[in-house]
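These notes concern the structure reproduced below.
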Amino acid sequence: MPNNWIGNYLYSRAQLSPNKVAVVDLDEGKEYSYVQLEHRANQLAQVLKEDFKVKPKDRVAFLSRNRIELIDGYYATGKIGAIMVPYNARLSSQELGILIDKEEPKVIFYEDIYENSIQEVLQERSGIEAVMMKNGDLTKNCVALEYSALLNSKDGSGQSYENGELEDIHLIIHTGGTTGLPKGGLISHRSELFNSFNEICTWGLRYTDSAVLLLPMFHTGGWNLLTLPLLHVGGTIFINRQYDPKLTLKIIEERRTTVLFGAATIFRMMTETEEFSKADLSSLRWVMAGAAPTPIHIMKQFWDKGIKFVLGYGMTEAGPNNLSVPAQFVVHKTIQEKYESVGKPMYLSMAKLVDEEGVTIDKDDELGELLWAGPQIFSGYWANEEATEHTLIDGWVHTGDMAKRDKDGFYYIVGRKKNMYISGGENVFPPEVETAIYDIEGVNEVCVFGVADERWGEVGKAVISLKDGAVLDKASILDKLTHCLAKYKVPKYITFVQDVPKNNVGKIVVKQVMELYGDAHD
Numbered sequence: 038m039p040n041n042w043i044g045n046y047l048y049s050r051a052q053l054s055p056n057k058v059a060v061v062d063l064d065e066g067k068e069y070s071y072v073q074l075e076h077r078a079n080q081l082a083q084v085l086k087e088d089f090k091v092k093p094k095d096r097v098a099f100l101s102r103n104r105i106e107l108i109d110g111y112y113a114t115g116k117i118g119a120i121m122v123p124y125n126a127r128l129s130s131q132e133l134g135i136l137i138d139k140e141e142p143k144v145i146f147y148e149d150i151y152e153n154s155i156q157e158v159l160q161e162r163s164g165i166e167a168v169m170m171k172n173g174d175l176t177k178n179c180v181a182l183e184y185s186a187l188l189n190s191k192d193g194s195g196q197s198y199e200n201g202e203l204e205d206i207h208l209i210i211h212t213g214g215t216t217g218l219p220k221g222g223l224i225s226h227r228s229e230l231f232n233s234f235n236e237i238c239t240w241g242l243r244y245t246d247s248a249v250l251l252l253p254m255f256h257t258g259g260w261n262l263l264t265l266p267l268l269h270v271g272g273t274i275f276i277n278r279q280y281d282p283k284l285t286l287k288i289i290e291e292r293r294t295t296v297l298f299g300a301a302t303i304f305r306m307m308t309e310t311e312e313f314s315k316a317d318l319s320s321l322r323w324v325m326a327g328a329a330p331t332p333i334h335i336m337k338q339f340w341d342k343g344i345k346f347v348l349g350y351g352m353t354e355a356g357p358n359n360l361s362v363p364a365q366f367v368v369h370k371t372i373q374e375k376y377e378s379v380g381k382p383m384y385l386s387m388a389k390l391v392d393e394e395g396v397t398i399d400k401d402d403e404l405g406e407l408l409w410a411g412p413q414i415f416s417g418y419w420a421n422e423e424a425t426e427h428t429l430i431d432g433w434v435h436t437g438d439m440a441k442r443d444k445d446g447f448y449y450i451v452g453r454k455k456n457m458y459i460s461g462g463e464n465v466f467p468p469e470v471e472t473a474i475y476d477i478e479g480v481n482e483v484c485v486f487g488v489a490d491e492r493w494g495e496v497g498k499a500v501i502s503l504k505d506g507a508v509l510d511k512a513s514i515l516d517k518l519t520h521c522l523a524k525y526k527v528p529k530y531i532t533f534v535q536d537v538p539k540n541n542v543g544k545i546v547v548k549q550v551m552e553l554y555g556d557a558h559d
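As structure tokens, then:
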């Protein structure tokens, strides 16, 4: 049976709802309907095949902030069986060069602001076509050419499709890990399809839904958290080059968007604007946070507006959508009672907890490593068989995250297995300590980790940034913690900093924090 998975879905959606607005580019002030999106994707597919001789399984790379060309590229590569590789726009030229050498893209599309980085990388490498994107324009090999002119040189008709299999790889998404150079996660057509199905069924996404995209498209969240599921059901996505909390609030109000996903840092920035308190966000059916623990004081500000603010959990390798509080099916009271929970397994996601010997844990409230299986998981890592074998075992993704499950089936992430430290023979999981510190008024961000101690083996150290105008010292922090934590969990050392190092999706980079502040002193 002839199959063209990702490429054909856009064609089908354009037939079903041709004039519905699919994407709004806020920076360019342009709207794109589904039929326009389909036509652009067909044109770019022809450009890739005819001008750049891209064949199935060839890599097509992008180095860019969020813009319409990335969505063109996603569907165009899907139509011709190529593999799209979106690179992290914050990589240094050296880091970018390492990934390019490993993944060998045939062509790389890049935004003009990354010109110097690309030129530095490509002057040492041959055989890679480079195309620059600038305000809707493309420059091929430094010869000016409008993007529209490049696309319009193709009529977008004819057979651009290549038949393929569900297991064919369509995306290489680099893991947002907090240690080392990112690994290239292999995302198949199967994973993309069932991930969308997972969200649509679990979150109740529908044709009338719309969202402002708050995550970068070089991460899995930029694609698989709302963008692709909404484009499957015929919804609308609003994109802009970089996150602007005030603009986001404005768009939610004016366009009456209905769902929202982001990281804790994003929502903290939003709630700290003057506009937040008076913003009308009543159109939002739910708001979900992931990527890092979200302090309860942020959640409360949304709850006070009558909004169902909940938590979710996932990782590139496992979906990325795995756990979420089913906001549309539970009342506010349940959400607030379970505020520390990242929810229940999503519609297609299979979860289990295992002990140190790999034996399944069936008891409630017992700690174990969280494993995932299901049709939404990844296919391994690009050119890294060792890492694949370590992570993907007998069809189960080993997350390295320690979790527990309560009697109602709600899961709680306790911490990373490798970040746990042992103080006086007792296991300490940093997120539990961090949650207690976040509950202290005036705390902005915190990272807790273990440092060597002659008496106890290891003790905790907390690196804390404060909100503007907040006045806290070590004594006041410790005084509050001794009332809510066991003594061995209370950090021995506390360091106050201006900013706690984070990656581009707002996740605190523990390794970097430890490198900067890992000494055993305040």
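When the sequence shown is numbered by this note's numbering, its final residue is 559 and no position is left out of the sequence of numbers.
Backbone N, C-alpha and C fix where the C-beta goes; we use that ideal spot for every residue, glycine too.
Since the model is a prediction, treat every value here as computed from it, not as a measurement.
Local conformation of residue i per DSSP, three classes
| i | result |
| --- | --- |
| residue 335 | helix |
| residue 254 | coil |
| residue 464 | strand |
| residue 512 | helix |
| residue 65 | coil |
| residue 517 | helix |
| residue 96 | strand |
| residue 123 | strand |
| residue 202 | coil |
| residue 70 | strand |
| residue 263 | coil |
| residue 539 | strand |
| residue 328 | coil |
| residue 531 | strand |
| residue 181 | Summary for residue 181: the model assigns pLDDT 31, below 50, so the residue's position carries little reliability; its value from the coordinates is reported in the next sentence. It is a strand residue. |
| residue 58 | strand |
| residue 209 | strand |
| residue 318 | coil |
| residue 215 | Confidence in residue 215 is poor, its pLDDT being 44 and thus under 50, which makes the residue's placement unreliable; the coordinate value appears in the next sentence. Coil, per DSSP. |
| residue 524 | helix |
| residue 372 | helix |
| residue 367 | coil |
| residue 191 | coil |
| residue 162 | coil |
| residue 77 | helix |
Range covered by the alpha helix (DSSP H) that runs through residue i
| i | result |
| --- | --- |
| residue 292 | 282 to 292 |
| residue 553 | 547 to 554 |
| residue 42 | 42 to 53 |
| residue 305 | 301 to 308 |
| residue 240 | 226 to 240 |
| residue 343 | Element bounds for residue 343: n/a, residue is neither H nor E. |
| residue 311 | 311 to 315 |
| residue 158 | 152 to 159 |
Member of the options whose CA lies at the smallest distance from the CA of residue i
| i | options | result |
| --- | --- | --- |
| residue 535 | 523, 553 and 521 | 553 |
| residue 80 | 188, 52 and 88 | 188 |
| residue 115 | 60, 88, 202 and 158 | 202 |
| residue 69 | 401, 268 and 345 | 268 |
| residue 494 | 238, 457 and 481 | 457 |
| residue 42 | 490, 199, 63 and 92 | 199 |
| residue 283 | 317, 262 and 264 | 317 |
| residue 167 | 144, 240 and 150 | 144 |
| residue 404 | 453, 558, 427 and 430 | 453 |
| residue 286 | 306, 273 and 278 | 306 |
| residue 433 | 463, 442 and 397 | 397 |
| residue 107 | 164, 255, 50 and 474 | 255 |
| residue 244 | 208, 211, 294 and 257 | 294 |
| residue 65 | 54, 241, 277 and 271 | 277 |
Counterpart residues of residue i in DSSP-defined beta bridges
| i | result |
| --- | --- |
| residue 137 | Its beta-bridge partners do not exist; DSSP assigns none. |
| residue 490 | 494 |
| residue 361 | 349 and 381 |
| residue 249 | 275 |
| residue 323 | 296 |
| residue 472 | None, per the DSSP bridge assignment. |
| residue 501 | 483 and 533 |
| residue 223 | 209 |
First and last residue of the uninterrupted beta strand (DSSP E) at residue i
| i | result |
| --- | --- |
| residue 168 | 166 to 171 |
| residue 562 | Shown here, the chain extends from 38 to 559; a query on residue 562 therefore has no answer. |
| residue 91 | Looking at the DSSP string, residue 91 is not in any beta strand (DSSP E), and its letter there is neither H nor E. |
| residue 144 | 144 to 148 |
Exercise. Ignoring anything shorter than 4 residues or poking outside the region 375 to 463, list the alpha helix (DSSP H) runs there in chain order.
Key: 422 to 428
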